[in-house]
Amino acid sequence: MKWKNKSITGSMLSLTLASSLICASPVAWADDIERAVEYRQGVMNVFGWNMKAMSNMMKGKIPFDQKVFAHHAKDLASASGLNLLPGFPEDSESEESDALPEIWMEFDDFEAKYQKLAEAARSLSETAVNGDKASLGKALETTGKACKACHKKYKN
Ligand code: HEC
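If you use mature numbering (1 follows the signal peptide of the UniProt record, and there is no 0), the sequence shown corresponds to residues -30 to -1, 1 to 126, in order.
Have a look at this one:
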C-alpha cells in the first residue's frame, strides 16, 4: 500500500514535470530567437556605423583623414572577425527581423558570403595603414560589394 502510494506520487510528479517542459520550451525558444536577432542586428549596426563613416569620407561629406579612416577599417575588420553564425540559429525568423528563410536553405553559401566580407574587411584594414586614397576607395568598394551580395539574397 505504501509502495503503491509512492508510485502514484512519482508518476504524477513526472507528469507535472513533462507538461511544464512542454509548456516552457516554446517560450524559451522565442526568447532565444529574440536574443539572437538582437545580437546579429547589433553586430550589423557596428558594420553599418563604420562603413558609413568611411564612405562619407570617400564622398567628401566629411573631411578625409587617413588615421580616422584606418581606425574605422580596423574596427570593421575586428567586428567581421566575430563568428556571427551562432547569431543565425536555424529558422530564427521573427517580426523584428529582416532575415530571409533562404539563409537556412543555403547556409554554406551564407557562411561563404560572411567569410568573403571578413576577408575584404581585413584587406581594407591592411590597405588603410599606408595605402593612397585611390586604393582605399577600391578596397572600400570591394567591402561594400560583400555586404550587398549577402543582403541581396538573404535580407528583406
Ligand atoms: C553573410 C551575410 C551578410 C553580410 C556579409 C552582411 N550582412 Fe548585414 N544583414 C544580413 C542579414 C541577414 C540582416 C538581417 C538581420 C535581421 O534583421 O535579423 C542584415 C542586416 C543589416 C543591417 C540592419 C540591422 C538592423 O538593426 O536591423 C545593417 C545596418 C547591415 N546589415 C549592415 C551591413 C554592412 C554595412 C555589411 C558589410 C560591411 C553587412 N551588413 C554585411 C546579412 C549580412
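Glycine included, C-beta positions come from ideal geometry on N, C-alpha and C.
* Output the boundary residues of the alpha helix (DSSP H) element that contains PHE77. => Translated into positions along the sequence shown, residue 77 becomes position 107. Unbroken alpha helix (DSSP H) run through PHE77: 77 to 100.
* To do: On a CA-only basis, which of SER64, GLY114, HIS41 and LYS37 is nearest ALA6? Give me that one, please.
  => To locate residue 6, count along the sequence shown from 1; it is residue 36. If we check each option's Cα against that of ALA6, SER64 comes out closest.
* To do: For ARG10, I'd like the list of residues in its chain whose CB is within less than 7 Å of its CB, leaving aside the five on either flank, ordered along the chain.
  => Taking the sequence shown and counting its residues from 1, one reaches residue 10 at position 40. For ARG10, where only same-chain residues beyond five positions count, the Cβ hits under 7 Å are LEU54, GLY57 and PHE58.
* Asked: Using DSSP with H/G/I as helix, E/B as strand and the rest coil, what is LYS31?
  -> As a working note, residue 31 is residue 61 in the sequence shown. Reduced to three states, the DSSP call for LYS31 is coil.
* Heavy atom of ligand 1 within 8 Å of GLY107 beta-carbon -> The residue you call residue 107 lines up with position 137 of the sequence shown. The nearest non-hydrogen atom of ligand 1 is 8 Å or more from the C-beta of GLY107.
* Asked: Relative to ligand 1, is the shortest distance from any of its heavy atoms to the C-beta of PHE58 smaller than 8 Å?
  -> The count along the sequence shown starts at 1 and reaches residue 58 at position 88. Proximity of the beta carbon of PHE58 to ligand 1 is indicated: a heavy atom of the ligand is located closer than 8 Å.
* To do: Could you check which residue in GLY12, ALA47, ILE32 and MET14 has the C-alpha nearest to that of LEU110?
  => Here residue 110 refers to the residue found at position 140 of the sequence shown. Measuring from the Cα of LEU110, the nearest candidate turns out to be ALA47.
* Between the Cα of ALA82 and the Cα atoms of LYS31, ALA116, SER95 and SER93, which residue gives the shortest distance? -> In the sequence shown, counting from the first residue as 1, residue 82 sits at position 112. Considering only LYS31, ALA116, SER95 and SER93, the residue with the shortest C-alpha distance to ALA82 is ALA116.
* Asked: Just reading off the alpha helix (DSSP H) that GLU111 is part of, what are its end residues?
  -> Here residue 111 is taken as the residue at index 141 of the sequence shown, counted from 1. First-last of the alpha helix (DSSP H) with GLU111: 103 to 124.
* Asked: Can we count PHE77 as close to ligand 1, meaning its CB is less than 8 Å from some heavy atom?
  -> Locating residue 77 in the sequence shown gives position 107, where the first residue counts as 1. Distance from the C-beta of PHE77 to the nearest heavy atom of ligand 1 is not below 8 Å.
* **Validate contact between the stretch 95 to 110 and the stretch 25 to 45 using beta carbons, cut 8 Å, 3 pairs** => These segments touch.
* Asked: Closer than 8 Å: is that where the CB of SER15 sits relative to any heavy atom of ligand 1?
  -> Looking up residue 15 in the sequence shown gives position 45. The displayed chain sequence assigns Asn, not Ser, to residue 15. At least one heavy atom of ligand 1 lies closer than 8 Å to the C-beta of ASN15.
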